[in-house]
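Protein chains: 2
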Amino acid sequence: MGHEDGKDKVPRTVRDILTEMKDTSEVIVDLAYAALVFDSQEMAEEVQHLERRMDILLYNIRIKAMLSARTKRDAEQLAGLLQVASAAEAISNAAGDIVNLLKYDSDKRPFLPIFLKEAEEKIKSLTLAEKSDMVNRTIGEMGVESETGMRIIALKRGKRWMYDPEPNNRLKAGDLLIVRGTDNGFEVLRSFASGDRLWPQYPVKEAG
Amino acid sequence: MGHEDGKDKVPRTVRDILTEMKDTSEVIVDLAYAALVFDSQEMAEEVQHLERRMDILLYNIRIKAMLSARTKRDAEQLAGLLQVASAAEAISNAAGDIVNLLKYDSDKRPFLPIFLKEAEEKIKSLTLAEKSDMVNRTIGEMGVESETGMRIIALKRGKRWMYDPEPNNRLKAGDLLIVRGTDNGFEVLRSFASGDRLWPQYPVKEAG
Chain A
277 MGHEDGKDKV PRTVRDILTE MKDTSEVIVD LAYAALVFDS QEMAEEVQHL
327 ERRMDILLYN IRIKAMLSAR TKRDAEQLAG LLQVASAAEA ISNAAGDIVN
377 LLKYDSDKRP FLPIFLKEAE EKIKSLTLAE KSDMVNRTIG EMGVESETGM
427 RIIALKRGKR WMYDPEPNNR LKAGDLLIVR GTDNGFEVLR SFASGDRLWP
477 QYPVKEAG
Chain B
277 MGHEDGKDKV PRTVRDILTE MKDTSEVIVD LAYAALVFDS QEMAEEVQHL
327 ERRMDILLYN IRIKAMLSAR TKRDAEQLAG LLQVASAAEA ISNAAGDIVN
377 LLKYDSDKRP FLPIFLKEAE EKIKSLTLAE KSDMVNRTIG EMGVESETGM
427 RIIALKRGKR WMYDPEPNNR LKAGDLLIVR GTDNGFEVLR SFASGDRLWP
477 QYPVKEAG
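Here you go:
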């Protein structure tokens, strides 16, 4: 995902549109709460961008569904897909409502971030140090989530945000990572990101 | 979480109700898609149970918010919390719409589970073998998510479902785990759950 890679085109098939809508509906809720926790207008804008994209996807999936229904059975199956698509879009609208709170002055919503930080899985941020072993490696090759249990929700490089970054995304020094997981997992990840610990190497079992 | 532990009471404070609503809104979306993937009426019922609970929580948080607003500033802050609560409840309604699809005959929604399995992070299930090293240990003490990157969305023991099980939940032989994560993480977890591999032991750094 990540709209930085010019992926503003709508996927071609009903199936691919719905897959994107499902994935977005899962990440957008995390992202909306993260925007509140970090009081981040930029993350809120990402949520709003996704919300608008979900509108477009919903419109397109409806058209494609109608054009591809040839029999009653097709139509019944497609109606089910449209129901999921509508629900995914409703989730993104709710996420948009959450970030709308950031429009208000921060003194009118002061204790919100504090208690959101108390959930079991916390949303935190860290910056990749120049000397970190994670620099110039991809998220997938490191297996960040398998190794630390921390999920990278979003990444900020310079002024650019990428949400739900792809496994083939190569990290750079100075990247700001927004991550979600337990306190323990965060401490492990922080030790790698700061360069205090080297990323573990395992014996290679099979090629690739 | 998990309503099996008699936790049907509504938390006492606005803050605690909202924390539960936020946590539920994050897990219910996963759970709804999982119910479709596994064509599971029981998981769908869990989603519906959570959806009803969210209604009750929303009603209660509104009452408590009104009773606790003493000044204009209180009211402004509480209005923000209610906005988040409403959004969380809207998310749970959308999750309910997703599982409503299971009401239809399965031949009217056949390719839905198949392509949901193609998302980057997959939802899968596995059963804990008698001889698995994970039996009789808690999710937290093993650090299942840190170790494998797999998140346990739900657990079925006998006829009972627990969603988003707590870290202090002790696993038993025969437990069915519904997990979410990458293919690699799943293979690692499966090798532990089957008893083919022992759960790794690390030198203890500090007490507790």
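Line by line, the protein sequences are chains A and B. Per the working numbering, the first sequence runs over residues 277 to 484. Per the working numbering, the second sequence runs over residues 277 to 484. C-beta: ideal position from N, C-alpha, C; glycine also. Given the structure is predicted, the values throughout are model-derived calculations rather than measurements.
Work out the CA separation of residue j and residue i for me, nearest whole Å.
| i | j | result |
| --- | --- | --- |
| Tyr439 (chain B) | Leu447 (chain B) | 14 Å |
| Asp373 (chain A) | Asp292 (chain B) | 21 Å |
| Ile415 (chain A) | Pro443 (chain A) | 5 Å |
| Leu312 (chain A) | Val323 (chain A) | 11 Å |
| Leu326 (chain A) | Thr300 (chain A) | 8 Å |
| Ile332 (chain A) | Ala371 (chain A) | 16 Å |
| Arg328 (chain B) | Asp284 (chain B) | 11 Å |
| Ser383 (chain B) | Asp459 (chain B) | Sequence check: residue 383 (chain B) is Asp here, not Ser. Using only the alpha carbons, I get a separation of about 28 Å. |
| Thr295 (chain B) | Arg427 (chain B) | 20 Å |
| Ala361 (chain B) | Lys340 (chain B) | 12 Å |
| Leu357 (chain B) | Ala308 (chain B) | 25 Å |
| Leu378 (chain B) | Leu377 (chain A) | 35 Å |
| Gly419 (chain A) | Val464 (chain B) | 12 Å |
| Arg288 (chain B) | Pro476 (chain A) | 45 Å |
| Leu474 (chain A) | Glu406 (chain A) | 13 Å |
| Arg346 (chain B) | Asp381 (chain A) | 20 Å |
| Pro441 (chain A) | Pro441 (chain B) | 27 Å |
| Glu321 (chain B) | Lys348 (chain A) | 29 Å |
| Asn445 (chain A) | Val375 (chain A) | 26 Å |
| Glu238 (chain A) | Glu352 (chain B) | With chain A covering only 277 through 484, there is no way to say anything about residue 238 (chain A). |
Between which two residues does the beta strand (DSSP E) harbouring residue i extend?
| i | result |
| --- | --- |
| Arg291 (chain A) | No beta strand (DSSP E) contains Arg291 (chain A), which is instead part of the alpha helix (DSSP H) from 290-313. |
| Gly457 (chain B) | 452-457 |
| Arg446 (chain B) | From DSSP, Arg446 (chain B) is part of no beta strand (DSSP E); its letter is neither H nor E. |
| Leu431 (chain A) | 427-433 |
| Arg436 (chain B) | 436-439 |
Would you mind giving the Cβ-Cβ distance between residue i and residue j, rounded to the nearest angstrom? I have them listed as a contact below 8 Å.
| i | j | result |
| --- | --- | --- |
| Asp451 (chain B) | Arg433 (chain B) | 5 Å |
| Gly425 (chain A) | Glu421 (chain B) | 4 Å |
| Ala449 (chain B) | Leu404 (chain B) | 6 Å |
| Met297 (chain A) | Met330 (chain A) | 6 Å |
Skipping 5 residues on each side, what residues in its chain have a beta carbon closer than 8 Å to that of residue i?
| i | result |
| --- | --- |
| Tyr335 (chain A) | none |
| Ala310 (chain B) | Ser316, Met319, Ile399, Ile429, Ala430, Ile454, Arg456 |
| Ser344 (chain B) | Val290, Asp350, Leu354 |
Start and end of the alpha helix (DSSP H) containing residue i?
| i | result |
| --- | --- |
| Ala361 (chain A) | 348-376 |
| Tyr380 (chain A) | Element bounds for Tyr380 (chain A): n/a, residue is neither H nor E. |
| Lys251 (chain A) | Outside the shown range of chain A (277 to 484) lies residue 251 (chain A), about which nothing can therefore be said. |
| Lys407 (chain A) | Looking at the DSSP string, Lys407 (chain A) is not in any alpha helix (DSSP H), and its letter there is neither H nor E. |
| Gly416 (chain A) | 415-418 |
| Ser470 (chain B) | Note, Ser470 (chain B): premise wrong, no alpha helix (DSSP H); not H, not E. |
| Asp331 (chain B) | 317-344 |
Give every residue of the same chain whose Cβ lies closer than 6 Å to the Cβ of residue i, excluding the five residues on either side of it in the sequence, and list them in chain order.
| i | result |
| --- | --- |
| Glu280 (chain A) | No answer about Glu280 (chain A) holds up, because its pLDDT of 44 lies below 50 and its placement is not dependable. |
| Gly461 (chain A) | Thr424, Gly425, Met426 |
| Val286 (chain A) | Asn336 |
Can you find the residues in the same chain that come closer than 7 Å, C-beta to C-beta, to residue i, ignoring five residues on each side of it along the sequence?
| i | result |
| --- | --- |
| Arg338 (chain B) | Leu358 |
| Phe314 (chain A) | Ser401 |
| Gly282 (chain A) | Residue placement at Gly282 (chain A) is flagged as unreliable, the pLDDT there being 45, under the threshold of 50; the coordinate-derived value follows with that caveat. So no residue of the chain qualifies. |
Say whether chain D places a C-beta atom closer than 8 Å to the C-beta of residue i.
| i | result |
| --- | --- |
| Gln324 (chain A) | Of the chains in the structure shown, none is chain D; the protein chains are A and B. |
Problem - Contact between the region 358-377 of chain A and the region 301-316 of chain A (3+ Cβ pairs under 8 Å) - result: yes
Handout entry: Given 8 Å, three or more beta-carbon pairs between the region 457-477 of chain B and the region 405-412 of chain B
Key = A contact between stretches requires three or more CB pairs, one per stretch, nearer than 8 Å, and the region 457-477 of chain B meets this requirement with the region 405-412 of chain B.
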